[in-house]
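Residue numbers (this note's numbering): 151 to 532. For every residue, glycine included, the Cβ atom is placed at its ideal position computed from N, Cα and C. These numbers were taken from a predicted model, which means no experiment stands behind them. Encoded as structure tokens, the structure appears first; notes follow it.
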Amino acid sequence: MTMDFADRVTRVEPSATLAISALATELEAEGVDVVDLSVGEPDFPTPENVVEAGKAAMDAGHTGYTTSAGILELREAIAEKLADDGLEHGPEEIIVTPGAKQALYEIVSALVEDGDEVVLLDPAWVSYEAMVKMAGGSLTRVDLSAFDFQLEPALDDLESVVTDETELLIVNSPSNPTGAVYSDAALEGVRDLAVEHDVTVISDEIYKEITYGVEPTSLGTLEGMADRTVTVNGFSKAYSMTGWRLGYFAGPEELVDQAGKLHSHSVSSAVNFVQHAGIEALQNTDEAVEEMVAAFEERRDLVVDLLEAEGVDVAVPDGAFYMMLPVDSDDQAWCEGALEDAHVATVPGSAFGTPGYARISYAASEERLREGIERLAEEGYL
Ligand SMILES: Cc1ncc(COP(=O)(O)O)c(C=O)c1O
């Protein structure tokens, strides 16, 4: 039988980051020692008290469905966290999702339909493009690579593409894959354009807790942005909870109501006991988060120094745990070669819309980072 698949799925590719990880896993299964710098997850265990809270919630019988938007106690804890960041949202303006990815999917699906224009800042996280394409939207991309991945110097370029036809703009600071944290002036520039052209903005703040000496501003706190910004965050990165699948979005009630329909008809709710663990993560992990961030900062410095010693300059990231390594213009071939010859896994920049780079994740031990850079140098990849 030949199945006739919907355009919405045939027009997108599978996630490139997951594809590289799969290839690396395959090599490992063959006994090859791969230094995997392709993964987008912290290498720390989930903090013990969060694990205990999850277990306790299971033991207490929190194993049934919850209200679709998520348990009130967690939404209240999220509201408190957002208030600390200067964002005013009541629990009725928050939906708890199985991961931030699902939150983004629901928002994009609720806002974008055939032909709608969506603006991305490149390089951009791989799934934004797929989500917009699945919704039928068309993409306009602004390349930040000439500006050390900063947005402020690219505001003129952004201005030239944002029009009254623009439906949605997606901003991700700190950024995956660049680690860039956008300045307040850059965010104010976004605000001015969004207000002028009546554009809705997604502020994906999933790396907000992972920064080095800078304090990222939440876009929704800027004057004029409260009623046009949807703030997305999650537990995967800050609390090392990737496999728990927990995230959320907060925005204008109207949008939350519409996206909430998608939520209730698809996932019903996030997992009950995971939501209980989420409360613990928000309220009692300051120390664990601080320790993880300090380790990431040390690793960032180490990788920057090691690369510098090899004569490679990178744009030093202020957040997240990624950096972009300038490589050959055929970055796909470079990444495949680096994996096959040096057994080092990275992700091609073209997967993020910016060829000529490879994304390195430094969420790996110092020993593995040293080993990875050494191998790349030895095999002539630096
Ligand atoms: C920029 C960005 N947004 C959202 C996500 C989704 O995270 P999760 O679904 O694990 O919460 C990721 C994960 O890699 C990401 O890098």
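In the pairwise beta carbon analysis, the region 284-298 is classified as touching the region 252-269: at least three pairs are separated by under 8 Å. Scanning 399, 441, 178, 367 for the CA closest to the CA of residue 234 turns up 367. A distance criterion of 7 Å places the beta-carbon of residue 503 beyond contact range of ligand 1, judged by its closest non-hydrogen atom. Beta bridge pairing from DSSP links residue 400 with 244, 381.
Taking 8 Å as the upper bound for CB-CB distance, residue 229 and residue 244 are in contact here, some 6 Å apart. Under the DSSP assignment, residue 463 falls outside any beta strand (DSSP E); it carries neither an H nor an E label.
Cα atoms of residue 154 and residue 227: separation of roughly 45 Å, rounded to the nearest angstrom. Residue pairing by DSSP places residue 267 opposite 288, 316 in a beta bridge.
Inter-residue distance for residue 394 and residue 408 is about 25 Å (C-alpha atoms, whole angstroms). Distances from the CA of residue 518 to each of 172, 354, 183 were compared; the closest alpha carbon is that of 183. Shown here for residue 195: same chain residues with a beta carbon closer than 7 Å to its own, the five before and five after excluded, namely 390 in chain order.
Taken through DSSP and simplified to helix, strand or coil, residue 475 comes out as strand. With a beta-carbon spacing of about 30 Å, residue 165 and residue 310 fall beyond the 8 Å limit used to define contacts. The beta carbons of residue 520 and residue 456 sit closer together than 8 Å. Going by beta carbons, residue 429 and residue 388 fall outside the 8 Å limit. Listed as beta-bridge partners of residue 352 by DSSP are 320, 380. According to DSSP, residue pairing for residue 509 in a beta bridge involves 474, 497. Note: residue 293 is bridge-paired with 272 in the DSSP secondary-structure output. Where residue 387 is concerned, there is no enclosing alpha helix (DSSP H), because DSSP gives it neither an H nor an E. Of all alpha-carbon atoms in 505, 500, 460, 506, the one lying nearest the alpha-carbon of residue 527 is that of 460.
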